[in-house]
Amino acid sequence: MATYAIGDLQGCLDPLEALLDQIHFDPATDRLWFVGDLVNRGPQSLQALRFVRDLGDRAVTVLGNHDIHLLGCYFGTRVARGRDTLEPILTAEDGDELIDWLRHRPLLHHDPGLDWTLVHAGIHPAWGLEAARAAARETETAMQTHEPLAFFEDIFGNQSDHPDDNLTPADRQRFAINVFTRMRYCHADGRLDFREKRPPADADPALTPWFAMPGRAMADQRIVFGHWSTLGRAKGRANAWGIDQGCLWGNQLTALRLEDEALFAIDCPGAQTPKVDK
1 MATYAIGDLQ GCLDPLEALL DQIHFDPATD RLWFVGDLVN RGPQSLQALR
51 FVRDLGDRAV TVLGNHDIHL LGCYFGTRVA RGRDTLEPIL TAEDGDELID
101 WLRHRPLLHH DPGLDWTLVH AGIHPAWGLE AARAAARETE TAMQTHEPLA
151 FFEDIFGNQS DHPDDNLTPA DRQRFAINVF TRMRYCHADG RLDFREKRPP
201 ADADPALTPW FAMPGRAMAD QRIVFGHWST LGRAKGRANA WGIDQGCLWG
251 NQLTALRLED EALFAIDCPG AQTPKVDK
């Protein structure tokens, strides 16, 4: 039995199926962890979402920023952008079921047996595991209510950028979404930066990657994340493994076997014209 963490799909199903062939994925014994961003920008967003959903308990996925954007589009609080490939999901016959399944995915998954934690973008340097789990649980509960419109009306924005400035539940939940699905860099005081996307060698020297912040509370615990395709090759950085290798942009889709930290990768053709599939 093996557990493989898989990098950002973003609607690229064909490379995933090729990667699963390469690692000889056995659905009877193996498990998959997806780092989020199952959908958007790639040509097979609908098919990728269906594929991961149909894996059932053989797979765990956390929500990424593109998944949250899809949910916002569905509930009418976000507008699709020019490069989005979400319309096939929003108009599919099973679209409502797929959205409901996606809305019930977690922001953080921790397996004490494996001693790994799965998130899309990262965990704030000030948070230990229990604080991170509490922030995720509160936000997931709000998102999974029977009346989610208010949640998706309030959740988007840059105004929640520091863990000490969140005075209302909406502020706390927005900050949690920003941390778990958008974070790359922090300022010295722990405030999030939402603009810098370049690799550390090219970035503003006043900023620090979240996983390299001094005194990070979870520095001794293993985290696997995606989101940051410009970060560089997949490797452990202070026990944080970034495995988004930019499959969407014609680079690679990566799998990390969590039991022994072995890496597997397959070359990707890059984004294509979206397929019509209702």
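Each residue of the sequence shown is one higher than the last, beginning at 1 in full-length UniProt numbering.
A virtual CB, placed ideally from N, CA and C, is assigned to each residue, including glycine.
Quick caveat, the model's predicted, so the values are computed rather than measured.
The segment 78-88 makes no contact with the segment 201-214, as fewer than three CB pairs between them are under 8 Å. Annotation for Ile23: Tyr4, Ala255 and Phe264 place their beta carbon closer than 7 Å to its own, counting only its chain and skipping 5 residues before and after. Three or more Cβ pairs closer than 8 Å define a contact, and the segment 61-77 meets that threshold against the segment 97-104. Using a Cβ distance threshold of 7 Å, Trp127 and Arg184 do not count as a contacting pair. Within the model, the alpha-carbon separation for Met1 versus Asp111 is close to 15 Å. Excluding the 5 residues flanking it on each side, Thr181 has same chain C-beta neighbours closer than 6 Å at Gly64, Asn65, Ile68, His120 and Ala121, in chain order.
In the displayed model, Gln44 falls within coil according to three-state DSSP, outside both helix and strand. Using a 10 angstroms sphere on the CB of Val79, the tally of other CB atoms stays under 16, which defines it as exposed.
Ala188 and Trp249 have their C-alpha atoms some 31 Å from each other. Under the 8 Å Cβ criterion, the segment 161-177 counts as touching the segment 133-141, having at least three qualifying pairs. Taking 7 Å as the cut-off, the Cβ atoms of Leu253 and Leu55 do not count as close. Around the beta carbon of Phe194, fewer than 16 other beta carbons lie within 10 angstroms, which makes this residue exposed.
Comparing C-alpha distances from Thr91 to each of Leu70, Ile123 and Met218 shows the shortest one belongs to Leu70. Asn178 sits buried, since 16 or more C-beta atoms from the chains shown fall within 10 Å of its C-beta. When rounded, the separation of the alpha-carbon atoms in Thr29 and Glu196 is 40 Å. It is roughly 13 Å from the alpha-carbon of Trp241 to the alpha-carbon of Met218.
If you draw a straight line from the Cα of Asp260 to the Cα of Thr117, it comes to about 15 Å. Comparing alpha carbon positions, the residue from Leu13, His109, Ala262 and Asp220 closest to Arg41 is Leu13.
Pro43 and Ile155 have their C-alpha atoms roughly 27 Å apart.
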